[in-house]
Every structure is written in C-alpha cells, then in structure tokens.
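This report refers to the structure that appears directly beneath it.
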Amino acid sequence: MDFELMINSFPKLLNATVVTLKLLSVSLIVGLFIGLLFAILRLNKNDFINKFAYGYSYVFRGTPLLVQIFIIYFGLGQIEYLRSTFLWVILKEPYWCAIIAFALNTGAYTSEILRSAFQTIKPGIIEAGQSLGISSKIIFYKIQIPIAIRQSLPAYGNEIILMMKGTSLASTVTIMDLTGVAKYIISTTFKPIEVFIVAGGIYLFMTFIIHNVIKFLEKKYSFN
Amino acid sequence: MELLAFGDTGWGDELFRATLMTLAVSITAMLIGFSFAAIFTPLKLSKFKSLNLIANIYTTVIRGVPELLVIYLFFFGGSGAIMFVASMFGYNEYIEINAFVTGSFAIGIISGAYSTEVFRGSIQSIDKGQFEAAKVLGLSKFKQFYKIILPQMLRLAIPNLSNVWQITLKDTSLISVTGLVEIMRQSYIAAGSTRDPLFFYSFAAILYLLLTFLSMKLINKLEIKYSRGY
Numbered sequence: 015m016d017f018e019l020m021i022n023s024f025p026k027l028l029n030a031t032v033v034t035l036k037l038l039s040v041s042l043i044v045g046l047f048i049g050l051l052f053a054i055l056r057l058n059k060n061d062f063i064n065k066f067a068y069g070y071s072y073v074f075r076g077t078p079l080l081v082q083i084f085i086i087y088f089g090l091g092q093i094e095y096l097r098s099t100f101l102w103v104i105l106k107e108p109y110w111c112a113i114i115a116f117a118l119n120t121g122a123y124t125s126e127i128l129r130s131a132f133q134t135i136k137p138g139i140i141e142a143g144q145s146l147g148i149s150s151k152i153i154f155y156k157i158q159i160p161i162a163i164r165q166s167l168p169a170y171g172n173e174i175i176l177m178m179k180g181t182s183l184a185s186t187v188t189i190m191d192l193t194g195v196a197k198y199i200i201s202t203t204f205k206p207i208e209v210f211i212v213a214g215g216i217y218l219f220m221t222f223i224i225h226n227v228i229k230f231l232e233k234k235y236s237f238n
Numbered sequence: 023m024e025l026l027a028f029g030d031t032g033w034g035d036e037l038f039r040a041t042l043m044t045l046a047v048s049i050t051a052m053l054i055g056f057s058f059a060a061i062f063t064p065l066k067l068s069k070f071k072s073l074n075l076i077a078n079i080y081t082t083v084i085r086g087v088p089e090l091l092v093i094y095l096f097f098f099g100g101s102g103a104i105m106f107v108a109s110m111f112g113y114n115e116y117i118e119i120n121a122f123v124t125g126s127f128a129i130g131i132i133s134g135a136y137s138t139e140v141f142r143g144s145i146q147s148i149d150k151g152q153f154e155a156a157k158v159l160g161l162s163k164f165k166q167f168y169k170i171i172l173p174q175m176l177r178l179a180i181p182n183l184s185n186v187w188q189i190t191l192k193d194t195s196l197i198s199v200t201g202l203v204e205i206m207r208q209s210y211i212a213a214g215s216t217r218d219p220l221f222f223y224s225f226a227a228i229l230y231l232l233l234t235f236l237s238m239k240l241i242n243k244l245e246i247k248y249s250r251g252y
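As you go down the protein sequences, you meet chains A and B in turn. With the numbering used here applied, the first sequence corresponds to residues 15 to 238, in that order. With the numbering used here applied, the second sequence corresponds to residues 23 to 252, in that order.
Written out as structure tokens, the structure reads:
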C-alpha cells in the first residue's frame with residue numbers, strides 16, 4: 015500500500031470533486047425543470063401529448079447514459095446546419111454536452127418520480143381545495159406541487175445519488191472530473207487500489223451527505 | 023441503410039455480433055451477481071453483527087461509487103491481483119486476463135450488490151409463519167429453503183430483479199472503455215471509420231432499446247408464471 019501516493023493524490027482528487035459537483039448541481043437543477051414539465055405533460059388528457067412524454071422517458075431510461083452523451087457530443091456536431099447556429103457555441107464544449115445529456119437523463123427519471131407522486135395525491139385533497147373556492151391554478155401550485163415534492167423525496171434522493179455516479183461518465187468526453195482525474199493517476203502510476211480507495215472514499219462521502227440531507231428533509235416535511 | 027449491410031461492405035454483421043456480446047456479458051454478469059448475492063444475502067440476514075457489517079460494506083461501497091471507477095479498478099488492477107495470487111502458488115509469469123472476464127466480473131460485482139438488496143428485501147417480506155411452518159413440518163434445512171422459501175421469494179423478487187437486469191444491461195456499455203467489442207465499442211469503431219457518429223450511436227441506442235424492450239416482455243411472462251395462485 016502506497017500511502018504517500020494516497021496523500022499526494024488527495025488534493026488533486028479534491029479539486030476534481032469541484033468539477034463533479036458543478037456537473038451534478040447544474041444538471042440536477044435543469045433536470046428538475048425538465049422532469050416537472052414532462053410529468054405535467056404525462057398527466058395531460060391529450061393522447062398525443064402524454065404519449066410523447068412517455069416516449070421521452072422510455073427512450074432515456076431504456077438506453078445507457080454513455081450512448082446519450084456520445085450522441086450529443088460526437089453525433090450532433092455532425093449536422094452541418096447546427097454548426098452555423100448559435101447552438102454550436104454550446105455543443106462544441108464537452109462540458110455543456112455532458113450537462114445536456116445528464117439533464118435530459120435525470121429529467122426522464124424525475125418525470126417518472128413526479129408523475130407517480132402526482133397520481134398518489136388523494137382526490138379528496140384537491141376536492142377540498144375546490145370546495146374552498148380556490149382556483150385550479152392555485153390548487154396546482156399551492157397544494158399539488160408541495161405534496162408531490164414531499165411524496166417524491168425518497169425516490170428523488172436515490173436519483174440524486176444515481177446522477178452523482180452518472181457524472182463519472184463525463185470523463186469519457188475528456189472532462190477531468192473526479193473519475194477522470196482518478197483514471198489519469200491510475201494510468202500514470204499503475205496503483206489502482208490506492209487511487210480507488212481515495213476517489214471511492216470521496217464519492218462515498220458525498221453519497222453519505224446526500225443521503226442524510228434527504229433524510230433530514232423527509233423528517234422536516236413529514237405529514238405527521 | 024447500406025451502412026448496415028452484412029458482409030464486407032457494411033457494419034450489420036459486426037453490430038449483430040456486438041449485440042450478442044452485450045447479451046453474453048450481461049447474462050454472465052447477472053449470474054456472477056447472483057452468486058455474490060447468494061453469499062452476501064445470508065450474511066445480511068445473519069444474527070451476527072460482524073457478518074452483517076461485511077455485507078453492508080459490500081453493498082454500500084458498490085452502490086455509492088460510480089460503476090466506471092469500479093471498472094477502472096478491475097481493468098488496471100485485475101491482472102495485478104491475479105498475478106499476486108498466482109505468485110503465492112509459485113507462478114511468476116505475466117498473466118493477462120481478457121476483457122470479457124474483467125468486464126463481466128466488474129459488472130457482476132455491481133449487479134450482485136443490487137441483487138443482494140433485492141433478495142434481502144424479498145426474504146424479509148415473507149410471512150414469518152412460513153418459516154415456522156417449514157420447520158414444524160420437519161423438513162431439512164435445504165428443503166425448507168428450496169421448496170418453501172425460494173418459490174415465494176422469487177415471486178416477490180422478480181419485479182425488482184428486472185430492474186437489476188436493466189441496470190446491468192445498461193452498465194455493460196461502460197465496459198467499452200476496456201476495449202471489449204460490444205455494442206458501444208463497435209459503434210465507436212464504426213463511427214470512427216465512417217465519420218458518421220450520429221447514425222451509429224443512434225443505432226446503438228435503438229439496439230439497447232430493443233434489448234430492454236424484449237427482455238421486459240420475457241420477464242413479464244416469468245412474473246406471471248411465478249405469481250400463479252395469487
């Protein structure tokens with residue numbers, strides 16, 4: 015066991031953790047909006063709209079994240095037309111391509127989580143709102159959304175952890191995130207176990223924090 | 023479409039073989055995962071705290087660390103570890119293990135952690151009376167498990183195992199970084215030599231969708247079979 019390597023690589027890996035956290039937070043925020051939008055579309059009575067939303071979540075949940083990143087990073091650049099638009103400014107950067115892929119991916123899972131949360135809201139609660147004379151718009155924003163968010167906290171916590179692990183794929187498109195730097199150190203020193211312990215430890219620590227924050231929120235917003 | 027032709031002119035046969043490779047790795051990994059689950063589930067349910075701890079470390083670490091990092095550990099550390107074990111038996115030559123074995127093992131260990139949790143959950147949700155009744159009937163330990171607990175456990179486990187299968191199938195795409203020619207790697211090669219990444223990666227996505235779709239159909243049938251009588 016090479017303890018010196020472990021100590022020396024720790025600051026480098028910690029720096030890379032910042033990249034991982036940035037990727038994670040940006041894609042989670044964007045993904046949450048996408049997820050909410052598609053959850054609402056899923057509940058739409060128009061068959062075309064809810065089939066479209068279902069198709070989106072089916073495709074993104076049924077294919078590996080790696081394929082999604084590669085399609086966006088390597089594939090979209092091939093379309094000549096895109097190269098001439100302002101979108102190219104975003105799509106030529108691996109960082110933004112990774113974020114787009116992550117956000118679309120987590121958005122698909124989030125939409126499923128939120129949809130099932132909306133569907134488990136008891137109709138009595140909505141009826142109570144209606145009989146109080148509250149407009150349906152306010153019922154949606156002030157009653158349905160807060161309850162749905164509370165309902166989906168445990169599942170969403172899992173999704174955050176899955177997404178955190180998913181950001182490691184950014185290293186396949188040349189981004190030096192935690193996994194990217196870990197791989198670089200492994201391939202230059204050929205000491206996989208030591209690096210794995212340090213990098214894995216950092217990931218586990220983040221998992222631990224996320225897990226406990228979600229638990230705290232669950233308790234804080236519990237119905238009882 | 024001619025890009026997908028079989029034979030020398032297209033990539034059809036290569037992609038077909040790659041799809042079979044993805045399936046082979048997924049199934050092998052799933053089976054390796056089951057054998058890990060067979061070891062760690064009893065540890066999780068054991069009365070001894072220290073055994074629980076070992077199993078908990080396994081599932082927590084594997085489920086909290088990115089799959090890619092685990093694959094790198096096996097890819098770079100796999101042959102080193104085997105050579106170390108071999109050297110204890112007096113064999114000092116260089117050993118290289120192939121990408122299929124490394125990949126299936128790495129994915130298998132990941133899939134095993136998920137399977138362990140599934141089996142633990144399903145055993146715990148079997149009614150206590152069933153265990154007691156099995157004991158009272160005077161069946162041997164093996165028969166108690168094989169004839170009474172296992173069939174009930176499978177019924178509860180299959181829906182969740184189908185999730186584990188989906189995760190495993192998708193995780194195999196990550197083995198492409200080790201050079202094993204499965205769907206992802208083959209698409210990468212094809213995209214590189216034809217300069218048409220959009221087409222080949224989209225086609226890869228379709229292949230994965232097809233695999234998940236067909237396997238879900240199959241698993242639904244199993245689910246119906248094992249819930250007879252409910």
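For each residue, glycine too, the CB sits at the ideal point set by N, CA and C.
B:Trp187: member of the alpha helix (DSSP H) spanning Leu172 to Asp193, first to last residue. By the CB criterion at 8 Å, A:Ser125 and A:Ala53 fall inside the cutoff.
Taking CB atoms only, B:Ser101 has no neighbour in chain A less than 8 Å away. By the neighbour-count definition (other C-beta atoms within 10 Å, threshold 16), A:Asp61 is an exposed residue.
Here A:Ala162 is not near A:Val44, since their CB atoms are 8 Å or more apart.
The Cβ neighbour count for A:Asp16, taken over all protein chains shown within 10 Å, is under 16; the residue is labelled exposed. Shown here, A:Glu173 sits in a helix according to DSSP, grouped into three states.
Put simply, of B:Gly134, B:Phe222, B:Leu191 and B:Gly214 the residue whose alpha carbon is nearest the alpha carbon of B:Ala60 is B:Gly134.
Counting along the chain, B:Gly125 sits inside the alpha helix (DSSP H) bounded by residues Ala121 to Gln146. If the five residues before and after A:Ile114 are omitted, its C-beta is found closer than 7 Å to the C-beta atoms of Ile86, all from its own chain and listed in chain order.
For a Cβ distance threshold of 7 Å, residue set Lys192, Ser195 and Tyr230 of chain B lies close to A:Pro78, ordered along the chain. Bounds of any alpha helix (DSSP H) do not take in A:Tyr155, whose DSSP letter is neither H nor E.
Proximity of the region 222 to 242 of chain B to the region 100 to 115 of chain A falls short of the contact definition, fewer than three beta-carbon pairs being nearer than 8 Å. A:Ile135 sits in coil when the DSSP states are folded into three classes, being neither helix nor strand. DSSP, reduced to helix, strand and coil, places A:Phe100 outside both helices and strands of the structure shown, so it counts as coil. When the five nearest sequence neighbours on each side are left out, the beta carbons in the same chain lying within less than 7 Å of the beta carbon of A:Ser185 are those of Asp191, Thr193, Gly194 and Lys197, in order along the chain. Contact of A:Gln158 with chain B is not assigned, every C-beta pair being separated by 8 Å or more. Taking a C-beta cut-off of 7 Å against chain B, the contacting residues of the region 47 to 81 of chain A are Val73, Gly76, Thr77, Pro78, Leu80 and Val81, listed in chain order. Close CB contacts of B:Ile171 within its chain, under the 8 Å cut and outside five residues either way in sequence, are with Ile145, Ile148, Gln152, Phe153 and Ala156 (chain order). Counted as a single uninterrupted DSSP element, the stretch harbouring B:Glu118 is not any alpha helix (DSSP H), since DSSP gives it neither H nor E.
By the Cβ neighbour-count rule, B:Asp35 is exposed, with fewer than 16 other Cβ atoms within 10 Å of its own.
With a threshold of 8 Å between beta carbons, B:Glu89 makes contact with chain A. Between the alpha carbons of B:Leu65 and B:Ile197 lies a distance of about 29 Å.
Burial check for A:Asn119: the Cβ neighbour count within 10 Å reaches 16 or more, so the residue is buried.
A contact is defined here as three or more CB-CB pairs under 8 Å, and the region 206 to 217 of chain A fails this definition with respect to the region 140 to 160 of chain A.
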